[in-house]
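Enquirer:
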Amino acid sequence: MTGYKTIDPATLSLAEWHPYLIGSVIPRPIAWVTTMDKEGRLNLAPFSYFGAFSSKPPVLAFSPSTSARTGMPKDTHLNLLEVPECVIHIVPYSLAARMNITTGEYERGVNEIEQAGLEILPSVAVRPPRIAGTPVQIEASLRQIIPLGETPGAGQLVLVDVLRLHLAESILDAKGYPDPRKMDVIARLGAFWYARVTSESIFWMKQPRNPSEVLAWHELPRDIRESRILSASDIGHLLAHRPADAELLSKLPPPANPQSLHQDMKALLPDRAAEAWALYLQRVQFA
Ligand SMILES: Cc1cc2nc3c(=O)[nH]c(=O)nc-3n(C[C@H](O)[C@H](O)[C@H](O)COP(=O)(O)O)c2cc1C
10 MTGYKTIDPA TLSLAEWHPY LIGSVIPRPI AWVTTMDKEG RLNLAPFSYF GAFSSKPPVL
70 AFSPSTSART GMPKDTHLNL LEVPECVIHI VPYSLAARMN ITTGEYERGV NEIEQAGLEI
130 LPSVAVRPPR IAGTPVQIEA SLRQIIPLGE TPGAGQLVLV DVLRLHLAES ILDAKGYPDP
190 RKMDVIARLG AFWYARVTSE SIFWMKQPRN PSEVLAWHEL PRDIRESRIL SASDIGHLLA
250 HRPADAELLS KLPPPANPQS LHQDMKALLP DRAAEAWALY LQRVQFA
């Protein structure tokens, strides 16, 4: 008994395996993609097998699989072979239901933009238009399609080069960068679950760029390592914020009342780790 359910995808059918994969690799951003066929007919569809994979050159990828229903490539894929350009939009909560409408496997040539009653804006560097009301719009050109298999469910990995990034002014911070607290975007989870990114659901965690900014596990005072009050997460935040006089820690006597000290430190975590350390050092030194 390991406490884990372990699954070998090779022993399962596509229908059996798919819910495990999409329920496990979460949250996934959603690329809502406009494309155009050679007659100029428009298409819009969402893809959550999606991400950014290179900053310079700026390269994104998404993966329209070979349809499990028809065994055929998706319209987005076929359109990219005819007009190798697209616009990728990040989906706001306000358009979640409209996005959901555009996932229907309509006949090729059916314009999901019209079906969902969406407004378009002209693009600058590509022929497919942009969807109005989306906070982020990325005009891109096809770099490569990598087939990951031929059977239904096999991803056809589409790599695209970013030509233009459009950001709604309403989502910008004071420096002109996108502010996640203003974007209200959604991400796909398993089954029909989604996550909504709001100021209440996100947190800020600066990267310790320099190893000297962090404390190593063995440098933690023993009472903290063995604390029954500070959680694994609390201790993680203490490790990530090395106190200025860290070398003192190993020389200090154990605190007289670790339980109440840990309670007081916990009240300052996760956001005020530096103050939690200051409290620790002050109480132990003046005990
Ligand atoms: C949120 C969401 C994410 C999706 N992600 C994918 C995906 O990553 N790959 C895929 O093949 N289909 C995905 N689908 C299903 C496609 O959107 C659907 O097959 C659509 O009809 C494809 O459109 P097209 O044939 O016009 O390209 C997703 C559906 C939804 C609602």
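With our numbering applied, the sequence shown has no gaps in its numbers, which climb one by one up to 296 at the end. Every residue gets a Cβ at the ideal spot worked out from N, C-alpha and C, and that includes glycine. All values derive from a computational prediction rather than experimental measurement.
Give a single yes or no on whether residue 57 has its beta carbon closer than 7 Å to a heavy atom of ligand 1.
Expert: Here residue 57 refers to the residue found at position 48 when the sequence shown is read from its first residue. Yes, ligand 1 has a heavy atom inside 7 Å of this Cβ.
Enquirer: Cβ-heavy atom distance between residue 159 and ligand 1 below 7 Å?
Expert: Taking the sequence shown and counting its residues from 1, one reaches residue 159 at position 150. Not under cutoff, so the answer is no.
Enquirer: In or out: residue 202 buried (at least 16 other Cβ within 10 Å) or exposed?
Expert: Position 193 of the sequence shown, counted from the start, is the residue given in the question as residue 202. Counting Cβ neighbours within 10 Å, residue 202 comes out exposed, since fewer than 16 surround it.
Enquirer: If you reduce the DSSP assignment to three classes, tell me which class residue 69 lands in.
Expert: Residue numbering aside, residue 69 sits at position 60 when the sequence shown is read from its first letter. In the structure shown, residue 69 sits in a strand (DSSP, three-state: E or B).
Enquirer: Tell me the residue span of the alpha helix (DSSP H) that contains residue 87.
Expert: Numbered from 1 along the sequence shown, position 78 holds the residue referred to as residue 87. Looking at the DSSP string, the run of the alpha helix (DSSP H) that includes residue 87 is 84-91.
Enquirer: Taking residue 262 as the reference, which of 189, 206, 94 and 292 has the closest Cα?
Expert: Here residue 262 refers to the residue found at position 253 when the sequence shown is read from its first residue. Minimum Cα distance to residue 262 is reached at 292.
Enquirer: Along the chain, where does the beta strand (DSSP E) containing residue 205 start, and where does it finish?
Expert: Working through the sequence shown from its first residue, we reach residue 205 at position 196. Taken as a continuous stretch (DSSP letters only), the beta strand (DSSP E) holding residue 205 covers 203-205.
Enquirer: Consult DSSP for residue 33 and reduce its assignment to one of helix, strand or coil.
Expert: Against the sequence shown, residue 33 aligns to sequence position 24. If DSSP states are grouped into helix, strand and coil, residue 33 belongs with the helices.
Enquirer: Quick check: the segment 37-48 against the segment 88-104, are there 3 or more CB pairs under 8 Å?
Expert: With the cut-off at 8 Å, the segment 37-48 and the segment 88-104 touch.
Enquirer: State whether the segment 134-154 contacts the segment 221-240, with contact taken as three or more CB pairs (one from each stretch) at a distance under 8 Å.
Expert: Contact between the segment 134-154 and the segment 221-240 is absent, because fewer than three Cβ pairs lie under 8 Å.
Enquirer: Going by DSSP, which residues form a beta bridge with residue 40?
Expert: Looking up residue 40 in the sequence shown gives position 31. The partner list for residue 40 (beta bridge, DSSP) reads 56 and 99.
Enquirer: For residue 213, count neighbouring Cβ atoms within 10 angstroms of its own Cβ and tell me buried if that reaches 16, exposed if not.
Expert: Taking the sequence shown and counting its residues from 1, one reaches residue 213 at position 204. Burial call: exposed.
Enquirer: Just verifying my parser: in three-state terms, what is the DSSP assignment at residue 25?
Expert: Translated into the one-based positions of the sequence shown, residue 25 becomes position 16. Note: residue 25 maps to helix in three-state DSSP.
Enquirer: What separation, rounded to the nearest whole angstrom, lies between the Cα atoms of residue 181 and residue 255?
Expert: Here residue 181 corresponds to residue number 172 of the sequence shown, with the count starting at 1. Here residue 255 corresponds to residue number 246 of the sequence shown, with the count starting at 1. Residue 181 and residue 255: Cα-Cα distance of roughly 38 Å.
Enquirer: Can you tell me the Cβ-Cβ gap for residue 92 and residue 46, rounded? I've got them flagged as a contact below 8 Å.
Expert: Within the sequence shown, residue 92 is the residue found at index 83, counting from 1. Within the sequence shown, residue 46 is the residue found at index 37, counting from 1. Sure, about 7 Å apart at Cβ, within 8 Å.
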